[in-house]
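Student: Sharing a structure with you now.
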Amino acid sequence: MKQYLISDNVHSLTGMKLVGVDGVLIKDHDSFEEAFQAVLERNDIGVLMISPQLIADHQDLVDEVRFNRSTPLIVEMLGPNEYASEQSSIADTIQRAIGISI
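If you use this note's numbering, the sequence shown closes out at 115, no skipped numbers anywhere.
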């Protein structure tokens, strides 16, 4: 299984391409949906990395795939200027999926 990056940050995309991970740079709202659907149609992608802001902007679409499909595994890919928030995004995802606080 391959990894793939959908990013709004050219530096993140460049870094991942240097280590052999393919991806696409998103410049507008419609481009994300097209790129996301194209990845879902591929059977060779096991891990899909997406920039946090793109996930936030398309949370419903991303959650639908996270909760209803086994692959690809969708993870946030922080860019060089981003940082992990104090709140766990994994805990937030679980809370949305099953409706309980952890």
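No residue lacks a Cβ here, since even glycine has one placed at the ideal position from N, Cα and C. Remember, predicted model here, so these are calculated numbers, not experimental data.
State whether the stretch 20 to 28 contacts the stretch 59 to 76, with contact taken as three or more CB pairs (one from each stretch) at a distance under 8 Å.
Tutor: Contact holds: three or more Cβ-Cβ distances are below 8 Å.
Student: Here's the rule I'm using: 16 or more other beta-carbon atoms within 10 Å means buried, otherwise exposed. How should Gly36 be labelled?
Tutor: Under this definition Gly36 is a buried residue.
Student: Per the DSSP calculation, Lys15 is bridged to which residue(s)?
Tutor: Per DSSP, Ile58.
Student: Looking only at DSSP bridge pairs, what is Glu89 linked to?
Tutor: Answer is Ile63, bridged to Glu89.
Student: Less than 7 Å between the C-beta atoms of Ile58 and Lys15, yes or no?
Tutor: Yes, they are a contact pair.
Student: Cβ atoms of Gly92 and Ser44: under 7 Å apart, would you say?
Tutor: Going by C-beta atoms, Ser44 is not nearer than 7 Å to Gly92.
Student: Provide the residue span of the alpha helix (DSSP H) that contains Asp125, from first to last.
Tutor: Outside the shown range of the chain, which is 14 to 115, sits residue 125, and nothing can be said about it.
Student: Would you mind sorting Ala51 into buried or exposed? The rule is 16 or more other CB atoms within 10 Å of its CB.
Tutor: Ala51 comes out exposed.
Student: Going by C-alpha distance, which of Leu31, Asp105, Met90, Pro85 is nearest Leu53?
Tutor: Taking only the C-alpha atoms, the option nearest Leu53 is Pro85.
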